[in-house]
Amino acid sequence: MQSQNLKDLKYPIGKFVKPETISEGDIKTCVTDIEQFPNRLNKLVPYLSASELNYRYRPDGWTIKQVVHHCADSHMNSFIRFKLCLTEELPTIKPFNDSKWAELPDATEADISTSLKLIEGLHARWTVLLKSLDASDLSKQYIHPDKAQPLSLSDSIALYAWHCNHHLAHIKQALENNKED
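Numbering-wise, our numbering puts 106 at position 70 of the sequence shown, and it's gapless, one number per residue.
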């Protein structure tokens with residue numbers, strides 16, 4: 037693996053920064069990123085060998101396989117958070133330990149096709165929900181116990197668009213950094 041700054045390896049597109057304001061155009065761009073994630077992921081990973089799926093994007097980081105399974109886990113949780121936020125008044129969500137989940141057998145041993153199918157169906161439903169939201173819905177909030185302030189759905193849309201692009205960059209980075217010269 038090429039030597040790079042650890043911060044750059046962890047955050048190849050930079051850390052998520054919550055925008056001061058999120059315009060309607062910003063929301064549309066973010067929803068498109070979320071909607072297109074399964075297609076973009078399917079252009080990168082389905083044909084990788086078992087060896088390539090075990091490439092890591094950084095030393096001691098997750099393998100490509102774990103990244104794919106993590107995206108399914110994380111996006112399932114986010115979809116549920118959105119639904120809770122839309123149906124309850126300021127719900128407190130339950131966080132999950134993504135590092136420990138990434139070490140479970142379904143993330144280290146299962147074929148990625150299961151998560152690719154899950155992501156495809158989940159993002160199809162999630163996108164329908166996201167495109168239906170109005171300004172009132174976008175301002176609804178939920179409490180994440182690990183965050184100082186409640187998160188709005190508009191903030192969460194921006195976060196998960198970033199999350200999609202962040203992990204696509206990890207996969208590309210793993211493939212590029214493990215290429216034989």
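The C-beta atom is built at its ideal place from N, Cα and C for all residues, glycine as well.
Closest by C-alpha distance to residue i, when choosing among the options
{"i": "L120", "options": "L42, I58, I179 and K208", "result": "I179"}
{"i": "A210", "options": "K54, K64, I70 and E88", "result": "E88"}
{"i": "Y93", "options": "Y83, D44, S149 and S85", "result": "D44"}
{"i": "E125", "options": "K64, C200, Q177 and S85", "result": "Q177"}
{"i": "K183", "options": "D69, K167 and T128", "result": "T128"}
{"i": "Y83", "options": "L158, I70, N214 and D147", "result": "D147"}
{"i": "K51", "options": "I155, D69, W162 and A197", "result": "A197"}
{"i": "Q72", "options": "N214, D96 and V164", "result": "V164"}
{"i": "I219", "options": "H159, H199, K208 and C200", "result": "With the chain covering only 37 through 217, there is no way to say anything about residue 219."}
Secondary structure of residue i, DSSP reduced to three states
{"i": "T65", "result": "helix"}
{"i": "R117", "result": "helix"}
{"i": "P186", "result": "coil"}
{"i": "T57", "result": "coil"}
{"i": "R76", "result": "helix"}
{"i": "I179", "result": "strand"}
{"i": "Q38", "result": "Confidence is the limiting factor: at Q38 the pLDDT is only 45, short of 50, which leaves the residue's position unreliable and the question unanswerable from this model."}
{"i": "E71", "result": "helix"}
{"i": "V81", "result": "coil"}
N-terminal and C-terminal residue of the alpha helix (DSSP H) that residue i is part of
{"i": "N201", "result": "L189 to N213"}
{"i": "I148", "result": "I148 to S168"}
{"i": "E139", "result": "Careful: E139 lies outside any alpha helix (DSSP H) and carries neither H nor E."}
{"i": "K43", "result": "L42 to K46"}
{"i": "E88", "result": "A86 to L89"}
{"i": "S172", "result": "A171 to L174"}
Paired residues, beta bridge with residue i - DSSP
{"i": "R92", "result": "T99"}
{"i": "T128", "result": "I179"}
Contact test: residue i Cβ vs the ligand FAD heavy atom, cutoff 7 angstroms
{"i": "T99", "result": "Among the components modelled here there is no ligand, and therefore nothing to report on the ligand FAD."}
Inter-stretch contact at 8 angstroms, needing at least 3 Cβ pairs: the stretch 109–120 / the stretch 132–139: yes
Given 8 angstroms, three or more beta-carbon pairs between the stretch 194–212 and the stretch 69–77: yes
The stretch 181–195 / the stretch 46–64 touching (three or more Cβ pairs under 8 angstroms): yes
Three or more C-beta pairs closer than 8 angstroms, one from the stretch 94–107 and one from the stretch 166–180: is that the case here? no
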